[in-house]
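For the sequence shown, the positions run -17 to 534 when my numbering is used. By construction, the Cβ of each residue, glycine as well, lies at the ideal position given by its N, Cα and C atoms.
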Amino acid sequence: MSLDVLLINPPFRLLPPFKYKLIDPPRNLALLAAVLRENNYSVRILDMPIEELDFESIAPTLQKLEPRIVGILNRSSYSFPIVCKVAKIVKEFSNNIIVTVGGTYVSYMPEEALNTCHDIDIVVMGEGEVPLLKLVSNVLLNQEYENIEGLAYRKNNDVIKIGGPIPVDLSTVPLPAIDLIPTPLYVARRERYILELSRGCTNACPYCTSSFIKKHVRYRDCVQIISEIEQAYKAGFRKFYFVDDVFLNNKPLVIEVCREIVNNKFDITWPCMSRIDHIDEETLYWMKLAGCEIIAFGIETVSQNTLEQIGKSDLSDKIQNTFATVKKHGIRALAFVMFGMPLSTLRDELLTINFLSRLQPDAIGVFSFKPYPGTVYYFDPEKYGLNITDRNLSRWSQLDEPTHETKHLTREEIIECMVVCNYIFRTGGTFSIGDKYRRRRGVQVFKTGEGGILYNPYLPPEKRKTDMYLNCIKLTPVNYQILYHLDGYHTVDEISSLIQKLENISQAQAKNHIEECLSKAMELELIELIPDIMAGNDTFNRGALIYGGGLV
-17 MSLDVLLINP PFRLLPPFKY KLIDPPRNLA LLAAVLRENN YSVRILDMPI EELDFESIAP
43 TLQKLEPRIV GILNRSSYSF PIVCKVAKIV KEFSNNIIVT VGGTYVSYMP EEALNTCHDI
103 DIVVMGEGEV PLLKLVSNVL LNQEYENIEG LAYRKNNDVI KIGGPIPVDL STVPLPAIDL
163 IPTPLYVARR ERYILELSRG CTNACPYCTS SFIKKHVRYR DCVQIISEIE QAYKAGFRKF
223 YFVDDVFLNN KPLVIEVCRE IVNNKFDITW PCMSRIDHID EETLYWMKLA GCEIIAFGIE
283 TVSQNTLEQI GKSDLSDKIQ NTFATVKKHG IRALAFVMFG MPLSTLRDEL LTINFLSRLQ
343 PDAIGVFSFK PYPGTVYYFD PEKYGLNITD RNLSRWSQLD EPTHETKHLT REEIIECMVV
403 CNYIFRTGGT FSIGDKYRRR RGVQVFKTGE GGILYNPYLP PEKRKTDMYL NCIKLTPVNY
463 QILYHLDGYH TVDEISSLIQ KLENISQAQA KNHIEECLSK AMELELIELI PDIMAGNDTF
523 NRGALIYGGG LV
């Protein structure tokens, strides 16, 4: 007897090992399974990450279950290549199986997804509970699905999109069918259970894909939320994670849920995300009582130009007050920062690191800006000064290297800032405190037998020579050493000590050499004084690490 629907949670990576540090249960698949089962369709979930399954395990599962429809979860843009590989395996096993995909990237870019991967038959856009149920019903009754709103599919050589994402009435959604996932494996690993109070987001951050399909905010009933917590609690979960884009949008609901958690004596811990301006004492009191241990805030950057472009205000003082208030209630305050945003300069990035050093959050999430599909930056990168250097979506995790450069930052400079910030945070490491200068981008120095040579790309047009070598400057051994160490990390005092030892001269002589060299280099606009990332604080508290964008 064949199965109606097989839902697949794919591996997290294309290549082995298929073992992972953090694995969230596929609650979204369990919700879809519950809807299908409630309507008397047979459904199973193949949860590959938690079972550490490789791609070779898919065909035997298809052989055993004989599904009519396979639904594949597309967790994020960077997982789409994995989705394509799973779809290819399914179609190679049997071209008669209907392959449907739902999730982030395919919802934002259904035409691009279907044109890229011809093994996908149908894309379910946005929330899948309603369109997937209609699709399954029509397919199993051998009826057309071409007029079902919320679907995109291929017809001949064209991609047809019917309407757009459909906001679901959350009161009609049953509890997730967590009995269809290997819950004991999650509990044994002490993994967290994903939970939501609401769907949608009131913000319209242009860099966030939520602004593309999740504008309509809907809230669940407190009874429904507590019932789900109870179901997961009885299954053995003790760690939870509220994934709401803005958890504190509805404070009365938050307080009501927290009170019920306390009344039901659920011994749980959980993090959430919030806006800086949504915090108040009463809500924090109940959140702490109910087990909240971390609140994450999107600080992003201190660049005023960038904040204006993304519709945010400079809330530096408010941020510091909010973090202090959160900590006062015994809750850890986590700061999300993003490097490589379109208008941020290197100076802005360093000032952001310095701000974090003074803010002293309990934890930090360091991310690379990504011009995600579904955002204005993906549709028109040139308009925002972006050059996308790598379109391989498997590298588009925010924790991975940048896949772009901007008018103000090279890819290498973005990597540098991410590494420096992570180093300070993850190791508790420090950098020297004091005045630091940095050669401007493109200024190159080379050591020679006689001292050194410097290439100057910043000569004014009237002084620039067509013969580029004539734009170079010969350097004495002392000036080479000074300019070579003007890397933004050596302080003036450190360079002075180095010159003193190398040249066997007095401290006063070394400082005189440096002052003359700095004066001339500043006059020629070869160097710039940069912000001291450690100014105001010479140590940095270590906090929780961030895996996969989630909170630990």
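Per DSSP, Val52 forms a beta bridge with which residues? Beta-bridge partners assigned by DSSP to Val52: Leu(-12), Val81.
Check each candidate in Tyr440, Val308, Tyr267 and name the one with the smallest Cα separation from Ala278.
Val308
Classification of Pro442 by the beta-carbon crowding that lies within 10 angstroms, buried from 16 upward: Exposed, by the Cβ-count rule.
*Label Pro147 either buried or exposed according to how many other C-beta atoms from any shown protein chain fall within 10 Å of its C-beta, with 16 as the threshold for buried.*
buried
- prompt: For chain B, is any of its Cβ atoms less than 8 Å away from the one on Phe428?
  reply: Among the chains in the structure shown there is no chain B, since it carries only a single protein chain.
message: Tell me the residue span of the beta strand (DSSP E) that contains Trp252.
response: 252 to 256
For this session: With DSSP collapsed to three states, give me the class of Glu510.
Result: strand
Under 8 Å between C-beta atoms of Ser326 and His386: no
If I follow the unbroken beta strand (DSSP E) through Ile435, where does it start and stop?
433 to 437
Option nearest Thr184 by Cα separation, candidates Tyr127, Gln45, Asn232 = Asn232
When Leu316, Arg420, Asn287 are compared against Tyr366, the one with the closest alpha-carbon
Asn287
Residue from Phe413, Ala490, Tyr175 with nearest C-alpha to Arg220
Tyr175
(Q) Among the candidates Asn21, Ile160, Leu289, whose CA atom is the shortest distance from the CA of Lys216? (A) Ile160
Distance between beta carbons of Lys67 and Leu(-4), contact taken as under 8 Å: Taking the Cβ atoms as the reference, Leu(-4) lies roughly 7 Å from Lys67, within the contact range of under 8 Å.
Inset, instruction - Grab me the residues of Leu468's own chain with a C-beta within less than 7 Å of its C-beta, minus the 5 sequence neighbours each way, in chain order. - result: These residues qualify, in order along the chain: Tyr419, Arg420, Arg421, Ile509.
Residue from Leu484, Pro253, Asp514 with nearest C-alpha to Thr473 | Asp514
Check: Is it true that the stretch 341 to 351 meets the stretch 316 to 330, where meeting means three or more beta-carbon pairs spaced less than 8 Å apart?
Finding: yes
Going by C-alpha to C-alpha distance, which of Gly293, Gly273, Asn336, Ile142 sits closest to His311?
Gly273
- What do you get for Val236, buried or exposed, if any count of 16 or more other CB atoms within 10 angstroms of its CB means buried? buried
**Asked** With distances taken from CA atoms, which of Thr304, Ile79, Phe413, Gln482 is nearest Leu341?
**Response** Minimum Cα distance to Leu341 is reached at Thr304.
- [ ] Measure how close the beta-carbons of Glu173 and Asp226 come, nearest whole angstrom, since I'm counting them as under 8 Å.
- [x] Not quite, the Cβ-Cβ distance comes to about 19 Å (not below 8 Å), so this is no contact.
Helix, strand or coil, according to DSSP, for Phe229 in the structure here?
Note: Phe229 maps to helix in three-state DSSP.
**Request:** Tell me where the alpha helix (DSSP H) around Lys483 begins and ends.
**Result:** 474 to 485
Quiz item: Per DSSP, His386 forms a beta bridge with which residues?
Solution: Ile370
State yes or no: is the C-beta of Val121 within less than 8 Å of the C-beta of Ile102? no
- Message: Let's see if you can read the secondary structure: which residues bound the alpha helix (DSSP H) around Leu133?
- Response: No alpha helix (DSSP H) holds Leu133; the beta strand (DSSP E) holding it covers 133 to 137.
With three or more C-beta pairs closer than 8 Å as the rule, is the stretch 13 to 25 touching the stretch 86 to 95? no
Q.
Considering Cα atoms alone, identify which of Gly182, Lys493, Lys46 is closest to Asp(-14).
A. Lys46
Next on the checklist: So for Lys418, helix, strand or coil by DSSP?
Outcome noted: strand
Span separating the alpha-carbon of Ile144 from that of Glu111: 16 Å
Leu333 versus Glu507: straight-line alpha-carbon distance, rounded:
The alpha-carbon separation between Leu333 and Glu507 amounts to approximately 21 Å.
- Please work out which residues of its chain come closer than 6 Å, Cβ to Cβ, to His260, disregarding the five sequence neighbours upstream and downstream, and give them in chain order. Leu230
Practice task
Check the DSSP bridge columns for Gln426 and list the partner residues they point to.
Solution key: Tyr437
| Minimum length 4: unbroken alpha helix (DSSP H) runs contained in the stretch 147 to 209 | 165 to 170, 192 to 195
From what residue to what residue does the beta strand (DSSP E) around Arg314 run?
314 to 321
Checklist entry - When the Cα of Tyr466 is compared with those of Thr412, Asn453, Tyr2, Ala503, which residue comes out closest? => result Ala503
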